[in-house]
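Undergrad:
There are 2 protein chains.
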Amino acid sequence: MLKKNQTTLYNMNIFDTLIEQINEKQSPICIGLDPRLKQIPEFLVKKHVERHGNIPKAVAEAFKDFFIQIIDKTHDLVPAVKPQFAFWEMYGHDGIKALQETIAYAKEKGLIIIADAKRQDIGSTSDAYASSILGESPLPDDSTKSMFDTDIITIGPYLGSDSINSFLEVCKEKNKGVFVLVKTSNPSSIEFQDQKINDDRVFEVVAGAVENWGKDSIGDSGFSSVGAVVGATYPEQASKLRRLMPHTFFLVPGYGSQGGAGADTVHNFTNEGTGAIVNSSRGIIFAYEKDSNPEQFAESARSATINMKHDILSALQASDKLPEDWKI
Amino acid sequence: MLKKNQTTLYNMNIFDTLIEQINEKQSPICIGLDPRLKQIPEFLVKKHVERHGNIPKAVAEAFKDFFIQIIDKTHDLVPAVKPQFAFWEMYGHDGIKALQETIAYAKEKGLIIIADAKRQDIGSTSDAYASSILGESPLPDDSTKSMFDTDIITIGPYLGSDSINSFLEVCKEKNKGVFVLVKTSNPSSIEFQDQKINDDRVFEVVAGAVENWGKDSIGDSGFSSVGAVVGATYPEQASKLRRLMPHTFFLVPGYGSQGGAGADTVHNFTNEGTGAIVNSSRGIIFAYEKDSNPEQFAESARSATINMKHDILSALQASDKLPEDWKI
């Protein structure tokens, strides 16, 4: 485990901090905060409808309530949470307010926040997204205020480096990070991402760019502040990308509901069992559905987190990648 | 000009409606609602700071106030407005509330709303963005409510068709549209978009997919509900894309501040002078800076809109593309 001291702190980037937390908790997994109204326990929704009526605010408050209870029961088990902005945006400004408050709560509990927003735009607009989600926004008296204050954001590569640079500047200034979409977990990711440009596939060309964008921000652990999204559902591609991107930390979606198993995720890790964090959303947060105990949804989420951790660590052990001092 | 009647209505998609409005106003242009605090007239910001204090809500209210006045002075001149979500999201839930209210106001004035959000995600999350920005979100009593109620959204292609299909379903159900990023206006768009896949460049491959995604939704005017973003800053590529995508309506960013001139935009139009709408944001909304009259910012925006319209129409005329019954 890395120790904090003046010398190492100077070179620490957000992925050093994430790795420190992963090692401390022996847990390279994160929980996706992706609320879907029809899967939030009915008693919880009812409580907020009774208070506010059948309006977006009631839904947004139910989401926040749901996740605060899940965070309380799981924050000792995971280093990070990953709110998916789409599900909160579905309830307009009420949803965004609840998202801001849920993020603030998770931060108080020491969790690293991965904003799954998949933003992309041209330079000057990209600046706005970078300020909004990772950085701070200016106020009329020239002070600034952070709105979401997340640590790492997912972004798209299609617009090229002037789009990415906006985020990299904020990463440098405020010790934040990005995960660039390289190879996504969905079935149709093959349509463009797997097309060939000369001898390389598109996702390999993007991988080269990601390594290059990160070359000036490599931290103590050997990873730059420019990470990559590499899905759990394409193990062969993940192996290749792990070799092509030695300084790039991977966010691995697709575990669980999308079909990826623990054994599929090991290809995203280095031989030393580092360099990746695996996300699960539905499989953890809605685990209570299998247990048929809506009142105990947070307990179910805790058990599912423990099971997932065991699955990933067992898979790492089976492939000789489990870090030496970790226990299953 | 198309007339509304029972027969044509049946086949009308959102781009038929947009073209109808463009023809009625003889104006293939839209105004970008991209607020940047430092460019909002000081007297207006001060008014809201006095009311609310130096907080995000004051900024958000100033944005709304600013655009309501601009909409009042320009809605007779343009068929559509294009809010850029990033600049509103910079002020968290207050910004999103002001955005929702500004959109509602623009709709009341008969404007078509293009949500410049550039969203992209895997299928089930893409559903959430589609519901949120174009469609309706479910409430606890099984009713639904639209949150942003925009007409057309910009989206990214990198995740392939399962990401796009979520939006296409809402387009079909609720007569909405999308603009897929094909060739963007920024300098570094060449990095990935211009790479070669066999004999085609990446943006040409995406163009083929866009035509294909739209093939079942072609309306009376000959355009599908799947449009494309094709920047004004690459005229040669625009000419080629116009030929490759005969059923695709183009959103053309990059005019004005980004360097595109009226003459550069004509390549995005068909020979009949249709099939495209050109956006300007800063050049219109902050035109008062050149006129040095902050109190009259909305008047300046009106003059700038008239000038832009004249520039585009003159360019269309110079290239023999001006629709027959239009006057400059």
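For the protein sequence lines, the chains are D and S, in the order given. FYI, in my numbering the residues of the first sequence are 253 to 580. FYI, in my numbering the residues of the second sequence are 253 to 580. By construction, the Cβ of each residue, glycine as well, lies at the ideal position given by its N, Cα and C atoms. Computed from a prediction, not measured in an experiment: that's the story for all the values here.
1. Just the C-alpha distance for K256(S) and T269(S), rounded to the nearest angstrom, thanks.
2. Mind checking if M342(D) is an interface residue toward chain S, Cβ cutoff 8 Å exclusive?
3. For I537(D), which residues in chain S fall below 9 Å Cβ to Cβ?
4. With H, G and I counted as helix, E and B as strand and the rest as coil, what does DSSP make of N427(D)?
5. Let me make sure I understand the geometry here. Which of N427(D), I470(D), G412(D) and G344(D) has the alpha-carbon closest to that of I364(D)?
6. Let's test the definition: count the other Cβ atoms within 10 Å of the Cβ of A356(D) and tell me whether it reaches 16, buried, or not, exposed.
7. List the endpoints of the continuous alpha helix (DSSP H) containing P308(D).
8. Would you please verify whether the beta carbon of L496(S) is less than 8 Å from any beta carbon of chain D?
9. Use the C-beta contact count for G535(S): other C-beta atoms within 10 angstroms, 16 or more gives buried, fewer gives exposed.
10. Report back the beta-carbon spacing between I385(S) and A367(S) to the nearest angstrom; my notes put them in contact at under 8 Å.
11. Mind listing the chain S neighbours of P293(D)? Cutoff is C-beta to C-beta under 9 Å, in chain order.
12. Alpha carbon to alpha carbon, how far is I407(D) from F400(D)? Give it in angstroms, no decimals.
13. By how many angstroms is the C-alpha of S389(D) removed from the C-alpha of S418(S)?
14. When burial is assigned at 16 or more other CB atoms within 10 Å of the CB, is L565(S) buried or exposed?
15. Taking the C-alpha atoms as reference points, what is the distance between I580(S) and P505(S)?
16. Identify each residue in the stretch 426-451 of chain S for which the Cβ-Cβ distance to at least one residue of chain D is less than 9 Å, and report them in chain order.
17. Taking just the CA atoms, how far does E524(D) sit from G483(D)?
18. Buried or exposed for S544(D), going by 16 or more other Cβ atoms inside 10 Å?
19. Specify whether the stretch 274-282 of chain S and the stretch 304-314 of chain S touch according to this definition: at least 3 beta carbon pairs, one from each stretch, less than 8 Å apart.
20. What three-state label does DSSP hand R371(S) in the structure shown?
21. Could you give the residue range of the alpha helix (DSSP H) that holds L351(D)?
22. Taking Cβ-Cβ distances shorter than 7 Å, what residues in chain D pair up with T377(S)?
23. Compare the Cα-Cα distances from A461(D) to each of S533(D), Q510(D), V518(D) and L496(D) and report the closest residue.
24. For K290(S), which of P546(S), I323(S) and P335(S) has the nearest alpha-carbon?
25. Helix, strand or coil for F549(D), going by three-state DSSP, please let me know.
26. Tell me which residue opens and which closes the beta strand (DSSP E) that S532(S) is part of.
27. Starting from the beta carbon of I348(D), find every residue of chain S whose beta carbon is closer than 7 Å, and list them in chain order.
28. Name the chain D residues whose beta carbon is nearer than 9 Å to that of Q489(S)?
29. Extract the residue ranges of the alpha helix (DSSP H) inside the stretch 491-544 of chain S, only unbroken runs of 4 or more that lie entirely within it.
30. What separation, rounded to the nearest whole angstrom, lies between the Cα atoms of G474(D) and N450(S)?
31. Pull up the distance between the alpha-carbon of I405(D) and that of D577(S), whole angstroms please.
32. Please name the residues in the stretch 384-403 of chain D whose beta-carbon is closer than 8 Å to at least one beta-carbon of chain S, in chain order.
33. Please report how far the alpha carbon of P331(D) lies from the alpha carbon of K309(D), in whole angstroms.
34. Use the C-beta contact count for E341(D): other C-beta atoms within 10 angstroms, 16 or more gives buried, fewer gives exposed.
35. Return the residue from the list Y540(D), A528(D) and N531(D) that minimises the CA-CA distance to E294(D).
36. If we define contact as Cβ-Cβ less than 8 Å, is Y381(D) a contact residue for chain S?
TA: Quick answer:
1. With a pLDDT of only 42 at K256(S), under the threshold of 50, the placement of this residue in the model should not be trusted; the figure read from the coordinates follows. The alpha-carbon atoms of K256(S) and T269(S) are separated by roughly 9 Å.
2. yes
3. Ordered by position in chain S, no residue passes the 9 Å Cβ test against I537(D), which lies about 14 Å from the chain.
4. coil
5. N427(D)
6. exposed
7. P308 to T326
8. no
9. buried
10. 5 Å
11. Those do not exist, as P293(D) stays about 12 Å from chain S at its closest Cβ, beyond 9 Å.
12. 16 Å
13. 32 Å
14. buried
15. 22 Å
16. L433, T436, S437, N438, P439, S440, S441, I442, E443, F444, Q445, Q447, K448, I449 and N450
17. 20 Å
18. exposed
19. no
20. strand
21. G344 to E360
22. Q336 and A338
23. L496(D)
24. P546(S)
25. helix
26. A528 to S532
27. G344, H345 and I348
28. Those do not exist, as Q489(S) stays about 14 Å from chain D at its closest Cβ, beyond 9 Å.
29. 514-517, 534-537 and 540-543
30. 36 Å
31. 50 Å
32. S384, I385, S389, P390, L391, P392, D393, S395, K397, M399 and F400
33. 29 Å
34. buried
35. Y540(D)
36. yes
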